[in-house]
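First comes the structure, then the notes that go with it.
Chains as they are written, first to last, in my numbering: chain A, 3 to 288; chain B, 6 to 425.
Written out as structure tokens, the structure is:
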């Protein structure tokens with residue numbers, strides 16, 4: 003039982019880190035632009051699929067750590083300039099919701115045309131096993147994935163707190179009119195934030211690609227978890243998002259040791275409902 | 006006064022006569038219009054999962070069905086009538102599939118409907134088929150479709166989970182061990198694979214030491230795999246496509262080095278199975294490679310593969326693999342046979358069609374490129390061979406063929422639709 007608990011908690015902690023990184027992209031885009039980005043899951047899939055091609059053609063997963071975000075950034079700039087920049091300020095949230103819903107279909111079907119529907123895998127780039135107990139081991143790559151995600155989250159928080167651009171982002175999210183009056187280039191900040199949020203989703207895909215099978219529709223499940231995390235966190239709250247991801251994943255991990263994993267998922271969602279009942283405005287307000 | 010009454014009744018009689026004549030003419034014209042003329046197309050609908058987790062199966066089944074119809078039309082159609090094919094996407098969602106089925110029957114006036122591999126759609130379609138007097142052919146392999154959930158309007162052109170379990174049990178006994186742990190996708194087919202394996206294993210002295218189910222599209226199998234007990238010698242996995250990849254790779258990551266007998270390896274490449282690839286087995290409904298078929302079937306199989314664009318290794322240009330998708334092709338061939346043998350003209354003749362196929366036997370030909378077989382009279386189940394594939398030496402090789410004749414003694418019909 004102790005061994006299963008250790009394995010389960012370790013696994014839950016790894017997923018918490020990865021999902022927190024993906025969810026931060028979602029919360030950044032919402033906090034700044036008030037866009038509920040339904041296409042976030044497709045962006046995650048773009049990261050994973052670009053990783054597949056990088057690994058296939060260049061022979062190393064490591065290239066995708068740079069190429070994946072760059073490809074996503076280019077796509078995000080096009081999406082922003084072609085659609086969202088005309089529909090952010092002064093439009094109801096439903097407008098951007100519909101746009102992002104349509105974008106999700108366009109991105110997924112484009113990926114489907116390029117990649118095909120058959121699931122693919124890439125070789126584990128760090129194929130060492132960490133011994134846990136008995137014959138049970140744990141993937142060294144997964145531990146790396148968690149560390150990498152934590153490093154990205156740390157870099158993001160530092161960037162937002164310590165840099166001028168980070169200050170502009172925070173100022174614009176609080177009051178874009180005042181920020182504009184103070185000389186902050188609000189449209190550029192908006193675009194940058196959208197690109198940054200999209201890149202976080204793609205990085206999630208890059209990191210997860212060696213852990214799961216890759217398909218154009220792979221973003222659906224993680225999108226649902228990411229939305230739950232962001233809602234419970236309080237839309238726009240970065241520390242709340244990290245805490246919320248930890249609560250969801252760890253509660254799921256603990257329950258799955260004692261109960262059927264499907265029931266455990268339901269119970270962990272019940273915990274999230276309880277948290278939302280306790281703090282309907284979100285775990286944290288900032 | 007009396008004369009007026011008589012005159013009035015004569016006028017009324019004449020009006021009634023004219024009305025009757027009009028009704029008779031209209032009925033005749035209506036009947037003429039609705040009777041299928043020899044040039045009217047036979048409309049075959051297809052409800053396939055063209056998108057979603059089952060899309061590789063769905064696109065493959067629809068592709069071979071369309072290729073069969075194109076070939077039939079080039080050769081003059083079925084009983085001299087052209088065949089029209091209308092396909093709808095069920096998006097791997099039973100509710101969507103049933104909505105599309107209604108549309109195909111009510112709006113497009115399909116005479117027959119092919120239902121893809123999605124057992125959720127197939128099970129929902131069975132009562133609708135009877136209600137709307139439309140015969141369906143399905144590729145879904147959950148046992149109950151030609152069992153207690155079936156009816157006389159349903160035919161299955163492919164084997165099912167119980168047949169696969171019977172073939173699997175033979176190999177399990179000699180190669181894998183005595184104790185199995187079942188893990189399946191939490192829907193009709195996933196449960197059917199595990200339940201059938203459990204039932205068949207019990208008859209041959211194997212034991213299912215535990216079982217569990219996870220949602221379709223499970224991202225992380227570690228919580229499920231951590232429950233596999235030590236005494237399990239191998240896993241039976243009722244999963245398909247990306248779930249298989251995740252299960253096999255993640256089992257390796259946590260040090261679970263046990264053979265896995267999976268329900269489907271459709272469109273899965275050896276290298277995508279990762280370092281644990283050589284632990285993977287599959288009991289399925291056809292051979293991926295041409296060389297895996299018996300010598301007497303290969304010529305027909307080769308002609309079929311040329312027609313649908315599959316190479317000898319079993320891949321098409323869209324990376325769909327061969328071992329499962331032939332059921333669309335043979336489903337159309339069964340419809341052709343049923344129409345021609347029964348003299349079927351319209352859905353009014355459905356009973357004649359059913360009787361013609363019940364117990365029908367076909368020989369190996371390009372129409373039936375997986376070999377000769379019988380459509381069992383009682384439950385409308387095609388008695389097909391089962392192929393045991395194993396991942397080794399860089400591909401999924403055919404280790405054995407278990408013939409329908411070998412399976413049949415352990416596979417009696419559960420129902421007799423002819424008594425309906």
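Idealized CB from N, CA, C, for every residue including glycine.
Inset, instruction - Would you please verify whether the beta carbon of residue 177 of chain A is less than 9 Å from any beta carbon of chain B? - result: Taking the first chain and counting its residues from 1, the one referred to as residue 177 of chain A is at position 175. Residue 177 of chain A does not count as touching chain B.
Inset, instruction - May I have the straight-line CA-CA distance separating residue 340 of chain B from residue 106 of chain A, to the nearest angstrom? - result: Position 335 of the second chain holds residue 340 of chain B. Position 104 of the first chain holds residue 106 of chain A. Spanning the alpha carbons of residue 340 of chain B and residue 106 of chain A requires a straight line of approximately 39 Å.
Inset, instruction - Would you kindly check if the distance between the Cβ of residue 225 of chain B and the Cβ of residue 122 of chain B is under 9 Å? - result: Residue mapping note: residue 122 of chain B aligns to position 117 of the second chain, counting from 1. Residue mapping note: residue 225 of chain B aligns to position 220 of the second chain, counting from 1. Taking 9 Å as the Cβ cut-off, residue 122 of chain B and residue 225 of chain B do not qualify as a contacting pair.
Inset, instruction - Please say whether residue 97 of chain B and residue 121 of chain A have beta carbons closer to each other than 9 Å? - result: In the first chain, the residue the question calls residue 121 of chain A occupies position 119. In the second chain, the residue the question calls residue 97 of chain B occupies position 92. With a cutoff of 9 Å on beta-carbon distance, residue 121 of chain A and residue 97 of chain B are scored as not near each other.
Inset, instruction - Identify each residue in the stretch 58-84 of chain B for which the Cβ-Cβ distance to at least one residue of chain A is less than 8 Å, and report them in chain order. - result: Cβ contacts with chain A come from 58, 60, 61, 64.
Inset, instruction - Can you tell me which of the three DSSP states residue 255 of chain B falls into? - result: Translated into positions along the second chain, residue 255 of chain B becomes position 250. If DSSP states are grouped into helix, strand and coil, residue 255 of chain B belongs with the helices.
Legend entry - Same chain only: Cβ atoms within 8 Å of residue 191 of chain A, ignoring 5 sequence neighbours per side: Position 189 of the first chain, counting from 1, holds the residue named residue 191 of chain A. So the qualifying residues of the chain are 34, 167, 170, 171, 174, 181.
Inset, instruction - Determine whether the Cβ of residue 131 of chain A lies closer than 9 Å to any Cβ atom of chain B. - result: Translated into positions along the first chain, residue 131 of chain A becomes position 129. Using a Cβ-Cβ cut-off of 9 Å, residue 131 of chain A counts as an interface residue toward chain B, since at least one Cβ of chain B sits closer than that to its own.
Legend entry - 9 Å Cβ cutoff met for residue 59 of chain B and residue 245 of chain B: One-based indexing of the second chain puts residue 59 of chain B at position 54. One-based indexing of the second chain puts residue 245 of chain B at position 240. For residue 59 of chain B and residue 245 of chain B, yes; Cβs fall inside 9 Å.
Legend entry - Backbone CA spacing between residue 372 of chain B and residue 322 of chain B [nearest angstrom]: Along the second chain, read from residue 1 onward, the residue named residue 372 of chain B stands at position 367. Along the second chain, read from residue 1 onward, the residue named residue 322 of chain B stands at position 317. Rounded to the nearest angstrom, the two C-alpha atoms are 22 Å apart.
Legend entry - Cβ-Cβ distance between residue 169 of chain B and residue 204 of chain B below 9 Å: In the second chain, the residue the question calls residue 169 of chain B occupies position 164. In the second chain, the residue the question calls residue 204 of chain B occupies position 199. Using a Cβ distance threshold of 9 Å, residue 169 of chain B and residue 204 of chain B do not count as a contacting pair.
Inset, instruction - List the endpoints of the continuous beta strand (DSSP E) containing residue 229 of chain A. - result: To locate residue 229 of chain A, count along the first chain from 1; it is residue 227. Careful: residue 229 of chain A lies outside any beta strand (DSSP E), inside the alpha helix (DSSP H) at 221-235.
Inset, instruction - Could you tell me which uninterrupted alpha helix (DSSP H) segments, each at least 4 residues in length, are contained entirely in the stretch 126-185 of chain B, listed from first to last along the chain? - result: Taking 4 residues as the shortest admissible run, the stretch 126-185 of chain B contains the following complete alpha helix (DSSP H) segments, listed from N- to C-terminal end: 166-176.
Inset, instruction - Please classify residue 398 of chain B: does DSSP put it in a helix, a strand, or coil? - result: The residue you call residue 398 of chain B lines up with position 393 of the second chain. When DSSP states are grouped into helix, strand and coil, residue 398 of chain B belongs to the coil group.
Legend entry - Reference residue 210 of chain B, options B:232, B:198, B:185, B:189, closest by Cα: Counted from its first residue, the second chain places residue 210 of chain B at position 205. When each option's Cα is compared against that of residue 210 of chain B, the closest is B:185.
Inset, instruction - With a threshold of 16 other CB atoms inside 10 Å of the CB of residue 277 of chain A, please say whether the residue is buried or exposed. - result: Looking up residue 277 of chain A in the first chain gives position 275. Buried: at least 16 other Cβ atoms inside 10 Å.
Inset, instruction - Determine contact between the stretch 145-156 of chain A and the stretch 18-25 of chain A, defined as no fewer than three beta-carbon pairs at a distance below 8 Å. - result: With the cut-off at 8 Å, the stretch 145-156 of chain A and the stretch 18-25 of chain A touch.
Legend entry - Simplified DSSP assignment, three categories, for residue 81 of chain B: Residue numbering aside, residue 81 of chain B sits at position 76 when the second chain is read from its first letter. Judged by DSSP in its simplified three-state form, residue 81 of chain B adopts coil rather than helix or strand.
Inset, instruction - Check whether the Cβ of residue 94 of chain B lies closer than 9 Å to any Cβ atom in chain A. - result: Locating residue 94 of chain B in the second chain gives position 89, where the first residue counts as 1. No, because no Cβ of chain A sits closer than 9 Å to the Cβ of residue 94 of chain B.
Inset, instruction - Count the other CB atoms, across all protein chains shown, that sit within 10 Å of the CB of residue 283 of chain A; report buried if there are 16 or more and exposed otherwise. - result: By one-based count along the first chain, residue 283 of chain A stands at place 281. Exposed, since its Cβ has fewer than 16 Cβ neighbours within 10 Å.
Inset, instruction - Go ahead and label residue 248 of chain B buried or exposed: buried means 16 or more other beta carbons lie within 10 angstroms of its beta carbon, across all protein chains shown. - result: Here residue 248 of chain B refers to the residue found at position 243 when the second chain is read from its first residue. Burial check for residue 248 of chain B: the Cβ neighbour count within 10 Å reaches 16 or more, so the residue is buried.
Legend entry - Residues near residue 184 of chain A in its chain [Cβ-Cβ closer than 8 Å; skip 5 each side]: Numbered from its first residue, the first chain carries residue 184 of chain A at position 182. Once the five neighbours on either side are set aside, the close Cβ partners of residue 184 of chain A are 173.
Inset, instruction - Measure the Cβ-Cβ separation of residue 267 of chain B and residue 304 of chain B and say whether it is below 9 Å. - result: On the second chain, residue 267 of chain B is found 262 positions in, with the first residue counted as 1. On the second chain, residue 304 of chain B is found 299 positions in, with the first residue counted as 1. Between residue 267 of chain B and residue 304 of chain B, the C-beta gap is not smaller than 9 Å, which leaves the two residues out of contact.
Inset, instruction - Starting from the C-beta of residue 124 of chain A, find all residues in its chain whose C-beta is less than 6 Å away, skip the five residues before and the five after it, and write them out in chain order. - result: Indexing the first chain from 1 puts residue 124 of chain A at position 122. Hits under 6 Å: 54, 57, 211, 212.
Inset, instruction - Might you give, ordered along the chain, the residues of its own chain that have their beta carbon closer than 6 Å to the beta carbon of residue 375 of chain B, omitting 5 neighbours on each side? - result: On the second chain, residue 375 of chain B is found 370 positions in, with the first residue counted as 1. Close CB contacts of residue 375 of chain B within its chain, under the 6 Å cut and outside five residues either way in sequence, are with 291, 331 (chain order).
Legend entry - Member of B:217, B:206, B:174 whose CA lies at the smallest distance from the CA of residue 195 of chain B: Position 190 of the second chain, counted from the first residue, corresponds to residue 195 of chain B. For the options B:217, B:206, B:174, the alpha carbon positioned closest to that of residue 195 of chain B is the one of B:217.
Legend entry - beta strand (DSSP E) segment containing residue 213 of chain A, residue limits: If you number the first chain from 1, residue 213 of chain A lands on position 211. If you look at residue 213 of chain A, you'll find it isn't in any beta strand (DSSP E); DSSP assigns it neither H nor E.
Inset, instruction - Could you tell me whether any Cβ in chain A is nearer than 9 Å to the Cβ of residue 218 of chain B? - result: For this step, residue 218 of chain B is matched to residue 213 along the second chain. With 9 Å as the cut-off, residue 218 of chain B counts as an interface residue toward chain A.
Inset, instruction - Give the range of the alpha helix (DSSP H) segment to which residue 170 of chain A is assigned. - result: On the first chain, residue 170 of chain A is found 168 positions in, with the first residue counted as 1. Residue 170 of chain A -> alpha helix (DSSP H) spans 166-176.
Inset, instruction - Helix, strand or coil for residue 184 of chain A, going by three-state DSSP, please let me know. - result: The residue you call residue 184 of chain A lines up with position 182 of the first chain. In this structure, residue 184 of chain A counts as coil in the three-state DSSP scheme.
Inset, instruction - Can you have a look at residue 36 of chain B and say buried or exposed, based on whether 16 or more other CB atoms are within 10 angstroms of its CB? - result: Locating residue 36 of chain B in the second chain gives position 31, where the first residue counts as 1. Residue placement at residue 36 of chain B cannot be trusted, given a pLDDT of 45 that sits under 50; what the coordinates show is reported in the next sentence. When all chains shown are included, residue 36 of chain B counts as exposed.
Legend entry - Top-ranked residue by Cα proximity to residue 264 of chain B, from B:187, B:311, B:207: One-based indexing of the second chain puts residue 264 of chain B at position 259. When each option's Cα is compared against that of residue 264 of chain B, the closest is B:187.
Legend entry - Residue range of the unbroken alpha helix (DSSP H) whose run includes residue 278 of chain A: For this step, residue 278 of chain A is matched to residue 276 along the first chain. Here the alpha helix (DSSP H) through residue 278 of chain A covers 263-280.
Inset, instruction - Kindly indicate if chain B contains any beta-carbon less than 9 Å away from that of residue 280 of chain A. - result: Indexing the first chain from 1 puts residue 280 of chain A at position 278. Interface with chain B (9 Å Cβ-Cβ cutoff): residue 280 of chain A is excluded.
Inset, instruction - Select from B:74, B:316, B:106 the residue whose C-alpha is nearest the C-alpha of residue 295 of chain B. - result: As a working mapping, residue 295 of chain B is identified with position 290 in the second chain. Checked all of B:74, B:316, B:106; the closest Cα to residue 295 of chain B is B:316.
Inset, instruction - Look at residue 140 of chain B and residue 343 of chain B and say whether their C-beta atoms are less than 9 Å apart. - result: Within the second chain, residue 140 of chain B is the residue found at index 135, counting from 1. Within the second chain, residue 343 of chain B is the residue found at index 338, counting from 1. Their beta carbons are under 9 Å apart, which means residue 140 of chain B touches residue 343 of chain B by this criterion.
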